[in-house]
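Protein chains in written order, with the numbering used here: chain R, 38 to 206; chain Y, 38 to 206.
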């Protein structure tokens, strides 16, 4: 209850400061919306923060890992994100069967960029920590790119990723 | 508007499902609060997601990086987090002068655990990417640990971290 009141107060403070003449100090005082790990790819999903964390979860839960590379100012990333977040089949499968990670910065692991560091790009990783370079989209020059119209192909690729590779581990 | 209605509906669904006899299916239907990058260490601060991202920002903004290792189920981490989030001097300095990152999983970089992988543990990194192993707390057996009562020492260490090392880069 107190928390609720505080939030309302803070919003009012933020509103009143934006209604005044905007200057640098006022902008700084505005209440920021806390950043989420989902970044809009599915607020109801549990996201890993880092690749190390995601690999740990994939191993311990024996689930495939889906890594989404994207950028906030890339229109292709934004349009893919929209259909990804709205597709109930994808969201359900991601929630129930995958470990998921979305990154706006590249990792140091070159296995996650088999044909370059473009965005949007989606890679699957086996719980045995093998990057599934065999699971690709439909573009020969950017094998791991997906357009919004490829969303069902992505769903089908998620189902493929659930059939684990037989490894020697 | 539609989004607002949907949220209300979802909350109602979540409420009604929690009021019934709890079972596994009902728990799954509850609306989750999206995870934040701050994890309670300062919702109004801009947090980096990964160490790679944090290093990129530190270099490009020429700011020192503060890395906080902690765990959600560690009482020492929780009590330090509380004073950290409530200390206005720390929050202001972190906001204005630092790149900040909080992690619940270790990175693969051994430089971030000079004397082990305990929590809570706070390391500073120079924009030249040198880990400031010289900036320590008051415990000889855990050089980078801080208790809640050490919060002003942490503030003073943040001020020290702002005086960059002279490196040959």
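Glycine is no exception: its CB is placed at the ideal position from the N, C-alpha and C atoms.
With contact defined as three or more Cβ pairs closer than 8 Å, the segment 123 to 130 of chain R and the segment 83 to 94 of chain R are not in contact.
Interface annotation, residue 142/R: in contact with chain Y, CB-CB separation under 7 Å. Residue nearest to residue 93/R within the set 184/R, 199/R and 163/R is 163/R (criterion: CA-CA distance). Using a Cβ-Cβ cut-off of 7 Å, residue 167/Y is close to nothing in chain R; its nearest Cβ partner there is about 17 Å away. Contact between residue 120/Y and residue 160/Y is absent: CB atoms are separated by about 19 Å, not below the 8 Å threshold. In this structure, DSSP gives residue 194/R a helical state, which the three-state scheme calls helix. Per DSSP, residue 158/R is one residue of the beta strand (DSSP E) stretching across 158 to 162. Closer than 8 Å at the C-beta level to chain R, one finds no residue of the segment 94 to 125 of chain Y.
With contact defined as three or more Cβ pairs closer than 8 Å, the segment 194 to 201 of chain R and the segment 99 to 118 of chain R are in contact. If you ignore the 5 residues before and after residue 154/Y, its C-beta comes within less than 7 Å of the C-beta of 143, all in its own chain and listed in chain order.
In summary, residue 109/R is exposed, with fewer than 16 beta-carbon neighbours lying within 10 Å of its beta-carbon over all protein chains present. Under the Cβ criterion of 7 Å, residue 164/Y is not counted among the residues facing chain R. Closer than 7 Å to the CB of residue 81/R there is at least one CB belonging to chain Y. The beta carbon of residue 174/R sits closer than 7 Å to those of 180, 181, 182, 183, 187 and 190, all from its chain and outside the five residues before and after it, given in chain order. Just so you know, the alpha carbons of residue 116/Y and residue 139/R end up roughly 30 Å apart. For the options 74/Y, 113/Y, 77/Y and 88/Y, the alpha carbon positioned closest to that of residue 185/Y is the one of 113/Y. Linking residue 78/R to residue 171/Y through their CA atoms gives a straight-line distance of about 40 Å.
Under DSSP, residue 73/Y forms a beta bridge with 73/R. For residue 84/R, the C-beta contacts it makes with chain Y under 7 Å involve 72, in order along the chain.
At a cut-off of 7 Å between C-beta atoms, residue 158/Y does not count as an interface residue with respect to chain R.
Any Cβ of chain Y closer than 7 Å to the Cβ of residue 87/R would place that residue at the interface, and such an atom is present.
In this chain, residue 121/Y is not harboured by any beta strand (DSSP E); it is covered by the alpha helix (DSSP H) spanning 112 to 123.
Close CB contacts of residue 168/R within its chain, under the 8 Å cut and outside five residues either way in sequence, are with 148, 149, 151, 160, 161 and 162 (chain order). The three-state secondary structure of residue 102/Y, taken from DSSP, is strand. For residue 84/Y, the beta-bridge partners assigned by DSSP are 137/Y.
Around the C-beta of residue 156/Y, 16 or more other C-beta atoms lie within 10 Å, and the residue is accordingly described as buried. By the Cβ neighbour-count rule, residue 166/Y is exposed, with fewer than 16 other Cβ atoms within 10 Å of its own. Straight-line spacing of the CA atoms in residue 72/R and residue 178/Y works out to 35 Å.
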